[in-house]
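A.B. asks: Numbered according to our numbering, the sequence shown terminates at residue 445, and the numbering increases by one at each position without gaps.
We put the CB at the ideal spot given by N, CA and C, even for glycine.
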Amino acid sequence: MKMTVIGTGYQGLVVGTCFAESGHIVTCVDWDKERIELLKQGEIPIYEPGLSELVSRNIEEERLFFSDSLEEAVQNCLLVFLCMDPVLSYSTIDDITRPVLDIVKVIARMMTGYRIIVNKMTLPPGTADKIKEVLKENTQHPFDVVVNPDFLKQGTAVDDFLRPDRVVVGCEDVRVQEIMKEIYSPFLRTGKPLLLMGLRSAELSKYATAVMLAGRISIINQIADLCAVWGANISEVREAVGADSRIGQTFLFPGIGYGGIWLPRDLDLCILFAKEKDISYYLFDAIQKVNKERCEKFLSMIVEHYGGNIENKILTIWGASFKARTDDIREAPSIFIIEELLRKRAKLRIFDPLAGPKLKEKFGNQIEVASKQYPVLEGSEGLLVLTEWNEFRRPDYERMAQLMKEKVIFDGRNLYTPKTMVSYGFRYYSIGRPPVG
Ligand SMILES: NC(=O)c1ccc[n+]([C@@H]2O[C@H](COP(=O)([O-])OP(=O)(O)OC[C@H]3O[C@@H](n4cnc5c(N)ncnc54)[C@H](O)[C@@H]3O)[C@@H](O)[C@H]2O)c1
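(1) For D40 and P443, I'd like the C-alpha separation in whole angstroms.
(2) Return yes when the Cβ of F418 is within less than 8 Å of the Cβ of L385, no when it is not.
(3) For V430, which of E304, K331 and V416 has the nearest alpha-carbon?
(4) According to DSSP, is K10 part of a helix, a strand, or is it coil?
(5) Hey, N156 and N127 are a contact pair by Cβ (cut 8 Å); roughly how many whole angstroms apart?
(6) State yes or no: is the C-beta of D252 nearer than 7 Å to some heavy atom of ligand 1?
(7) Taking the CB atoms as reference points, tell me whether I67 and S60 lie closer together than 8 Å.
(8) With DSSP as the reference, label C278 as helix, strand or coil.
(9) DSSP puts V88 in a beta bridge; with which residues?
(10) Of all the alpha helix (DSSP H) runs that stay within the bounds of the region 16-85, which reach a length of 4 or more residues?
(11) How many angstroms separate the CA atom of G433 from the CA atom of A409?
(12) Just to confirm, are L86 and R123 a CB contact at a threshold of 8 Å?
(13) Please classify L277: is it buried, with 16 or more other beta-carbons within 10 angstroms of its beta-carbon, or exposed?
(14) Assuming M129 and V108 are in contact, meaning their beta carbons sit under 8 Å apart, how far apart are those beta carbons, in whole angstroms?
(15) Taking Q185 as the reference, which of I125, E69, L367 and L260 has the closest Cα?
(16) Taking only heavy atoms of ligand 1 into account, decide whether any of them is closer than 7 Å to the Cβ of D173.
(17) Based on the DSSP output, what are the partners of Y314 in its beta bridges?
(18) Quick check: what's the CA-CA separation for I227 versus D38?
(19) Could you check how far apart the C-beta atoms of T100 and T135 are, in whole angstroms? I think they sit under 8 Å.
(20) Drop a sphere of 10 angstroms on the beta-carbon of M220, count the other beta-carbons inside from all chains shown, and report buried for 16 or more, exposed for fewer.
(21) Mind checking who V219 pairs with in its DSSP beta bridge?
(22) Select from K10, F359 and I44 the residue whose C-alpha is nearest the C-alpha of N31.
(23) For R351, count neighbouring Cβ atoms within 10 angstroms of its own Cβ and tell me buried if that reaches 16, exposed if not.
(24) Provide the residue(s) that pair with M205 in DSSP beta bridges, ordered along the chain.
(25) Can you tell which of P132, E79 and Y436 has its C-alpha closest to the C-alpha of F306?
(26) Bridge partners of A378, per DSSP?
(27) Taking the straight line between their C-alpha atoms, what separation do you get for A222 and I375?
(28) Please return the same chain residues whose Cβ sits closer than 6 Å to the Cβ of T324, not counting the five positions on each side in sequence.
(29) Can you give the Cα-Cα distance for D274 and E406, rounded to whole angstroms?
(30) What three-state label does DSSP hand I325 in the structure shown?
(31) Is C85 near ligand 1 - that is, is its Cβ less than 7 Å away from at least one heavy atom of it?
(32) Classify Y405 as helix, strand or coil using the three-state DSSP reduction.
(33) In three-state DSSP terms, what is D158?
(34) Going by CA-CA distance only, name the one from C235, D335, L423 and R208 that's closest to C179.
(35) Tell me the rounded alpha-carbon separation between K140 and Y55.
Structure (structure tokens):
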């Protein structure tokens, strides 16, 4: 089938490439011409494990194409997938939907025949109905609108797309439902479900999933605070809680909170949806508030250790991306922490396995970005661990202790055991466990 994917970011590039991999002819479009030029040469502007190889192979096999011409792409396909993010800032639901509807209007005017418009972006309930209205007003050609939210996770996005837990399809037309089943069938051979539902249920499914996941993180973080003040250890409590089959272990790790642009935005939007219909939103609000508090608490712990003044302290940071296996630092908890530490005039050296270039772009010479994990510790008066990268989990403790001027670690992801830290002579702070050493 011929497909157009609009947007070549973390979502669009994965979606387009994986559909090409299963045999479809896919054109990925982006308004960022530089990005398209890079992609045409097989270079990918983001990091996602396994993606680069797939992009190269599918370009070579002439199934995957890149273009900055929306018109050409829309004229030569059956399905148009919306995977962009045209939103600049938002304080209302309209700020989110308006830019999308503007693009749909342009698409409508470019259509040369029947098209299926598939929304994969996370958009407010009711947006698909508005997309239909805009299409109706701006084209004579027939169309169908599908809501097909994405549950992929940055860092494992390719795998998530190729082996989804479920595929959600909001669609009213039986023939279009069959087309959606057909294009997803290669990814559902292990028996995972394709769930057909109404447009608004599909739209809300994505937000509901975000709330459940963010909620678990805020709950465990608030329990971690209880553990800290009552002398319990959150790692032990977490094990006990997660062993309950009704609860499970995933998304139950205490730390400096969730980040990235999407999860916090999804929660913000749920609050707006509730406000719009005048219903209560205590829980959504609490989840966000608890999350925002995490970085502040972490910072207080650091400043307190140094007696209230961190001016000119040489602090090393390991990890800045909002989660492991991505180079994305947008709205990462680390960014808030780095900005606050800079405001307090600390001297920062940062190592992240992938996010170095993005950090340099954002902070320029305000920080020192290192390319290696250990040399950056030399003469350091404290180490902050902010992302749960695998390479930070079992480091060379002895080497760390030798390199650091002051042996103190602030672990924002609870990667180490207090006992080990004490044995290497570190003062060790973590989340939901009393400081040791
Ligand atoms: N990243 C994720 O983990 C994830 C997961 C599920 C859903 N989503 C959804 O996917 C959508 C995109 O997210 P992303 O992470 O890929 O964003 P992104 O910022 O990485 O990429 C967005 C891309 O869209 C392009 N773009 C924006 N407006 C455009 C336009 N009018 N025409 C052509 N290109 C345009 C941008 O240049 C950019 O390359 C969002 O709605 C998000 O909610 C993302």
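C.D. replies: On the basis of the supplied data:
(1) For the purposes of this step, residue 40 is taken as the residue at position 32 of the sequence shown. For the purposes of this step, residue 443 is taken as the residue at position 435 of the sequence shown. For D40 and P443, the distance between alpha carbons rounds to 48 Å.
(2) Mapped onto the sequence shown, residue 385 falls at position 377. Mapped onto the sequence shown, residue 418 falls at position 410. Taking 8 Å as the Cβ cut-off, L385 and F418 do not qualify as a contacting pair.
(3) Here residue 430 is taken as the residue at index 422 of the sequence shown, counted from 1. Comparing Cα-Cα distances from V430 to each of E304, K331 and V416, the minimum goes to V416.
(4) Residue 10 sits at position 2 when you count from the first residue of the sequence shown. Three-state DSSP puts K10 in a strand.
(5) For this step, residue 156 is matched to residue 148 along the sequence shown. For this step, residue 127 is matched to residue 119 along the sequence shown. Confirmed, Cβ separation roughly 7 Å.
(6) Mapped onto the sequence shown, residue 252 falls at position 244. Not so, every heavy atom of ligand 1 lies at least 7 Å from the Cβ.
(7) As a working mapping, residue 67 is identified with position 59 in the sequence shown. As a working mapping, residue 60 is identified with position 52 in the sequence shown. Result no, Cβ atoms of I67 and S60 do not sit closer than 8 Å.
(8) Counted from its first residue, the sequence shown places residue 278 at position 270. Residue state, collapsed to three classes: helix.
(9) For the purposes of this step, residue 88 is taken as the residue at position 80 of the sequence shown. Paired residue(s): T12 and I125.
(10) 20-29, 41-48, 59-68 and 78-83
(11) Along the sequence shown, one-based indexing puts residue 433 at 425. Along the sequence shown, one-based indexing puts residue 409 at 401. Looking at the two C-alpha atoms, the distance is approximately 8 Å.
(12) Residue 86 sits at position 78 when you count from the first residue of the sequence shown. Residue 123 sits at position 115 when you count from the first residue of the sequence shown. Cβ atoms of L86 and R123: closer than 8 Å.
(13) Counting from 1 along the sequence shown, the entry for residue 277 is found at position 269. L277 is buried by the Cβ-count criterion.
(14) One-based indexing of the sequence shown puts residue 129 at position 121. One-based indexing of the sequence shown puts residue 108 at position 100. Indeed, because the Cβ distance is near 7 Å, the residues count as touching under 8 Å.
(15) Sequence index remark: in the sequence shown, residue 185 carries index 177 (1-based). Per the Cα distances, I125.
(16) Translated into positions along the sequence shown, residue 173 becomes position 165. For ligand 1, not one heavy atom lies less than 7 Å from the Cβ of D173.
(17) Locating residue 314 in the sequence shown gives position 306, where the first residue counts as 1. Beta-bridge pairing links Y314 to no other residue.
(18) Indexing the sequence shown from 1 puts residue 227 at position 219. Indexing the sequence shown from 1 puts residue 38 at position 30. When rounded, the distance between both Cα atoms is 39 Å.
(19) Residue mapping note: residue 100 aligns to position 92 of the sequence shown, counting from 1. Residue mapping note: residue 135 aligns to position 127 of the sequence shown, counting from 1. Not really, about 13 Å apart at Cβ, beyond 8 Å.
(20) On the sequence shown, residue 220 is found 212 positions in, with the first residue counted as 1. Result: exposed.
(21) Residue mapping note: residue 219 aligns to position 211 of the sequence shown, counting from 1. DSSP, once it has assigned bridges, lists no residue as partnering V219.
(22) Along the sequence shown, one-based indexing puts residue 31 at 23. According to the sequence as given, residue 31 is Gly; it is not Asn. Of K10, F359 and I44, the residue nearest in Cα terms is K10.
(23) Counting from 1 along the sequence shown, the entry for residue 351 is found at position 343. Classification of R351: exposed, given that the 10 Å Cβ count is below 16.
(24) Residue numbering aside, residue 205 sits at position 197 when the sequence shown is read from its first letter. M205 pairs with G178.
(25) Taking the first residue of the sequence shown as 1, we reach residue 306 at position 298. The residue with the shortest Cα to Cα distance from F306 is Y436.
(26) Residue 378 sits at position 370 when you count from the first residue of the sequence shown. The partner list for A378 (beta bridge, DSSP) reads F359.
(27) Within the sequence shown, residue 222 is the residue found at index 214, counting from 1. Within the sequence shown, residue 375 is the residue found at index 367, counting from 1. Cα to Cα, A222 sits roughly 30 Å from I375.
(28) The residue you call residue 324 lines up with position 316 of the sequence shown. Hits under 6 Å: R357, V384, L385, S388 and L391.
(29) If you number the sequence shown from 1, residue 274 lands on position 266. If you number the sequence shown from 1, residue 406 lands on position 398. Those two C-alpha atoms are separated by around 42 Å.
(30) Sequence index remark: in the sequence shown, residue 325 carries index 317 (1-based). I325: strand per DSSP, three-state reduction.
(31) Here residue 85 is taken as the residue at index 77 of the sequence shown, counted from 1. Result no, Cβ not under 7 Å from ligand 1.
(32) Taking the sequence shown and counting its residues from 1, the one referred to as residue 405 is at position 397. DSSP places Y405 in helix when its eight states are reduced to three.
(33) Numbered from its first residue, the sequence shown carries residue 158 at position 150. Coil.
(34) By 1-based counting over the sequence shown, the position of residue 179 is 171. Per the Cα distances, R208.
(35) What you label residue 140 is simply residue 132 of the sequence shown in a count that begins at 1. What you label residue 55 is simply residue 47 of the sequence shown in a count that begins at 1. Answer to the nearest angstrom: the Cα atoms are 34 Å apart.
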